[in-house]
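Asker: There's a structure below that I have some questions on.
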Amino acid sequence: MTRRAIVMFRNDLRLADNQSLSAALASAERIIPVYIHAPIAHGDWPQGSASRSWLARSLASLDADLRARGSRLIIRTGDPNQILPSLAAETLAGELHLARRHGPALRRAEASVVAHLAGAGLEVHSHEAALLRRPDDLRNNQGEPYRMFTPFYRAAQQLGEPASPLPAPSHLPAPEVWPNGLPPEAVLEPGDRAHLGSDDGWQPGETGAHARMRLFFDELVGSYIEGRDRPDIDGSSRLSAHLSFGEIGARQLWHAASDALAAGGGDIGQAQVTAFVRQLYWREFAYHLLVNFPLTPEQPLHERFASFPWADDPEGMSAWQEGRTGYPIVDAGMRQLAETGWMHNRVRMVAASFLTKDLLLPWQDGARWFWEHLTDADLANNTLGWQWVAGCGADAAPYFRVFNPVLQGQKFDPDGAYVKRWVPELAKMPTRWIHRPWEAPDEVLSDAGVALGQSYPRPIIDHAEARKRALAVYETTRKSVGRQEPF
DNA sequence: TGAAATGTTGGGGCG
DNA sequence: ACGCCCCAACATTTC
3 MTRRAIVMFR NDLRLADNQS LSAALASAER IIPVYIHAPI AHGDWPQGSA SRSWLARSLA
63 SLDADLRARG SRLIIRTGDP NQILPSLAAE TLAGELHLAR RHGPALRRAE ASVVAHLAGA
123 GLEVHSHEAA LLRRPDDLRN NQGEPYRMFT PFYRAAQQLG EPASPLPAPS HLPAPEVWPN
183 GLPPEAVLEP GDRAHLGSDD GWQPGETGAH ARMRLFFDEL VGSYIEGRDR PDIDGSSRLS
243 AHLSFGEIGA RQLWHAASDA LAAGGGDIGQ AQVTAFVRQL YWREFAYHLL VNFPLTPEQP
303 LHERFASFPW ADDPEGMSAW QEGRTGYPIV DAGMRQLAET GWMHNRVRMV AASFLTKDLL
363 LPWQDGARWF WEHLTDADLA NNTLGWQWVA GCGADAAPYF RVFNPVLQGQ KFDPDGAYVK
423 RWVPELAKMP TRWIHRPWEA PDEVLSDAGV ALGQSYPRPI IDHAEARKRA LAVYETTRKS
483 VGRQEPF
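As numbered in our numbering, residues 3 to 489 make up the first sequence, in order.
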């Protein structure tokens with residue numbers, strides 16, 4: 003009897019190192035690749051606009067890759083609990099393979115699918131696609147989930163090498179009859195920008211992910227420690243969106259790093275490569291936290307922040323969102339985000355610090371904005387990052403750590419090239435004043451064609467005063483010891 | 001994965 | 001020659 007398997011692509015939009023696909027191929031003679039767009043499964047965090055834009059292009063890429071192997075991708079939208087049984091009946095599939103997803107709503111959704119399909123007589127196999135190892139059940143000596151990165155990092159590394167990546171299958175046997183499907187654009191909603199960032203060097207899909215990985219390990223990783231902090235140059239891996247959709251997996255990157263170490267053999271190279279691998283473990287840590295503290299997307303991990311007196315300042319919020327705070331490095335970042343769906347991580351920290359400390363606006367509002375506008379939106383990473391900056395999360399920045407947007411700009415965008423790229427009205431400002439135009443002499447401003455308050459805003463808040471205010475407010479939360487209990 | 005305030009040191013100008 | 005002051009440069013502490 004012919005065995006037919008549905009492979010449900012989710013956060014694993016790749017053919018290489020895809021355990022669902024390989025397992026299905028090992029047990030079935032015919033494969034039905036499916037993607038079901040199910041916003042409802044994401045609970046309070048439905049996929050944002052930028053992420054959908056990337057997804058549409060990534061699905062098109064996956065479909066093309068499948069067609070090159072004699073197959074295709076069936077795309078549907080709706081409730082998997084309804085769609086999967088009917089697809090199974092239509093295709094006579096007896097088994098379903100899917101990648102495990104992590105997050106409170108996603109795990110509930112998966113449990114529901116499994117329960118539903120068991121009833122329909124379909125064998126369900128779930129596979130780990132996203133993480134190096136499953137780190138969510140790691141516990142410290144007190145039997146609790148980790149709240150600090152370094153001990154977690156040590157423990158996670160002791161789990162040993164992640165499994166070696168599986169090769170991409172060269173051929174995928176098609177079903178006798180293809181079920182109906184929708185085009186990739188079906189995942190888009192009105193107003194989504196279908197070609198977001200397409201002119202900016204991004205290439206959604208597995209091919210683009212591998213090209214970026216090769217470029218990174220061939221040319222960039224050797225100076226990663228310095229380069230990753232420089233928004234004005236191409237120095238970070240820029241793999242976040244590829245990872246978020248699973249166009250490349252963390253295990254593949256881990257092994258690529260390992261290969262780079264073996265090949266380079268150099269002493270300097272080792273620290274550089276290790277710094278990158280460490281970032282992969284930050285991602286593991288983010289998932290560890292999200293799974294064990296499932297309320298953290300909305301609530302601070304440290305309960306003493308639950309009653310933090312955040313400001314209510316719609317004007318400030320709009321200025322931040324639209325990149326007109328008057329602080330060039332912040333505005334450059336926010337505009338890069340809006341235009342391309344991505345922001346350099348160093349600038350994310352500066353912009354987030356400005357929102358939560360200078361403006362005293364709730365980190366949750368910042369997290370929502372990023373969620374909507376990032377192509378790489380990832381609930382675990384986004385939550386960890388924002389709580390870290392706000393000082394209310396795991397291994398958080400000390401409350402008194404307030405980024406100075408001028409100094410950060412001068413240090414990490416020393417020529418002002420990043421600011422000039424994203425805040426073109428400052429393009430003619432001399433380097434000396436690019437990060438603090440309000441202090442420039444009138445003559446310099448007029449030579450640069452800048453009319454403060456008109457062509458570019460004055461700072462919406464004085465950073466020195468804002469810092470003092472933030473320290474005073476944060477001071478009030480310092481002593482109490484509340485913490486969120488593990489789930 | 002910070003910055004500002006405060007403390008210390010040492011070189012050079014100068015009486 | 002010497003002590004004094006200034007201040008840059010660096011180190012430490014504090015927020």
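Don't be surprised by glycine CBs; every beta carbon is placed ideally from N, CA and C.
1) Quick check for students: name the residue ranges of the beta strand (DSSP E) that lie wholly in the region 54 to 102, counting only runs of 3 or more.
2) Is A176 closer than 8 Å to D32 when the C-beta atoms are compared?
3) Looking at the structure shown, is L386 part of a helix, part of a strand, or coil, going by DSSP?
4) State the beta-bridge partners of P35 as determined by DSSP.
5) Under 7 Å Cβ to Cβ from G224, same chain only, skipping five residues before and after it: list those, please.
6) Given a threshold of 16 other Cβ atoms within 10 Å of its Cβ, counted over all protein chains shown, does E112 qualify as buried or as exposed?
7) Whole alpha helix (DSSP H) runs in the region 412 to 471 with 4 or more residues, listed along the chain?
8) Taking DSSP as the reference, what is the three-state secondary structure of H129?
9) Might you give, ordered along the chain, the residues of its own chain that have their beta carbon closer than 7 Å to the beta carbon of W388, omitting 5 neighbours on each side?
10) In whole angstroms, what is the alpha-carbon distance linking P171 and L17?
11) Are E187 and A66 closer than 8 Å when you measure CB to CB?
12) Kindly give me the distance between the Cβ atoms of G105 and L292, rounded to whole angstroms, as I take these residues to be in contact under 8 Å.
13) Figure out for me which residue from D220, W56 and Y329 has the closest Cα to the Cα of L198.
14) Taking the C-alpha atoms as reference points, what is the distance between M3 and A157?
15) If you compare alpha carbons, which of I42, E125 and A120 is closest to R6?
16) How many Å lie between S1 and L282 at the Cα?
17) Let me know if V179 comes out buried or exposed under the rule of 16 or more other beta-carbons within 10 Å of its beta-carbon.
18) Quick check: the region 461 to 470 against the region 327 to 334, are at least 3 beta-carbon pairs closer than 8 Å?
19) Just mark I42 as buried or exposed, buried being the case when its beta carbon has 16 or more other beta carbons within 10 Å.
20) D380 and P167 look like a contact to me (Cβ under 8 Å); what is the Cβ gap, rounded to whole Å?
21) Would you call the CB atoms of G183 and I76 closer than 8 Å?
22) Using the Cα positions of V475 and R403, report the straight-line distance between them to the nearest angstrom.
23) For K470, count the other beta carbons within 10 Å of its own beta carbon; 16 or more makes it buried, fewer makes it exposed. Which is it?
Answerer: In short:
1) 76 to 79 and 97 to 101
2) Residue identity check: residue 32 is Arg in the sequence provided, not Asp. Yes, the pair counts as a contact, with Cβ atoms nearer than the cut-off.
3) helix
4) V9
5) G271 and Q274
6) buried
7) 419 to 424 and 444 to 449
8) strand
9) A354, W365, G368 and A369
10) 7 Å
11) no
12) 6 Å
13) W56
14) 46 Å
15) E125
16) In the structure displayed, the chain extends from 3 to 489; residue 1 sits before or after that span and is not available.
17) exposed
18) yes
19) exposed
20) Not really, about 21 Å apart at Cβ, beyond 8 Å.
21) yes
22) 13 Å
23) exposed
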